[in-house]
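Participant: Before I ask anything, let me first share the structure, which is written out below as structure tokens.
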Ligand SMILES: [Zn+2]
């Protein structure tokens, strides 16, 4: 049997900056929505789910084309090894 989906968050407001496991997407979204812009990127990187992989795949072509010209691109390149 497969495990229920799990969402990871690392926001400061609710998770106190430590990596936490959230059971519901709605909970994760509330954390994400209330996070600062730079936190949102970290949270995106922590959350590994089908939606997250879809997000990576949706922007991957532009990263490949333009190269990792910014921090987000570099983070994504390092992610490709385990997404
Ligand atoms: Zn959180």
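Numbering (my numbering), first residue to last: 1155 to 1237. Cβ atoms here follow ideal geometry from the backbone N, Cα and C, with glycine treated the same way. Fair warning: this is a prediction, and the values are worked out from it, not measured in the lab.
#1: By DSSP, does residue 1222 sit in helix, in strand, or in coil?
#2: Among residues of its own chain, excluding the 5 on either side of residue 1168, which ones have a beta-carbon nearer than 6 Å to its beta-carbon?
#3: Suppose you measure from the CA of residue 1161 to the CA of residue 1197; what does that come to, to the nearest Å?
#4: Could you spell out the range, first to last residue, of the beta strand (DSSP E) harbouring residue 1161?
#5: With hydrogens ignored, establish whether the beta-carbon of residue 1179 is closer than 6 Å to any heavy atom of ligand 1.
Facilitator: Let me spell this out:
#1: As a first step, residue 1222 must be located in the chain shown, where it is residue number 68. Because the pLDDT of residue 1222 is 49, which lies under 50, any placement of that residue in the model is unreliable, and the number read from its coordinates should be weighed accordingly. Correct three-state label for residue 1222: coil.
#2: For the purposes of this step, residue 1168 is identified with residue 14 of the chain shown, where counting begins at 1. Within the same chain, residue 1168 has close Cβ partners 1185.
#3: On the chain shown, position 7 is the one that residue 1161 refers to. On the chain shown, position 43 is the one that residue 1197 refers to. C-alpha separation (whole angstroms): 10 Å.
#4: Position 7 of the chain shown holds residue 1161. Segment 1161-1163, the beta strand (DSSP E) holding residue 1161.
#5: For the purposes of this step, residue 1179 is identified with residue 25 of the chain shown, where counting begins at 1. Checking every heavy atom of ligand 1 against the Cβ of residue 1179, none is found closer than 6 Å.
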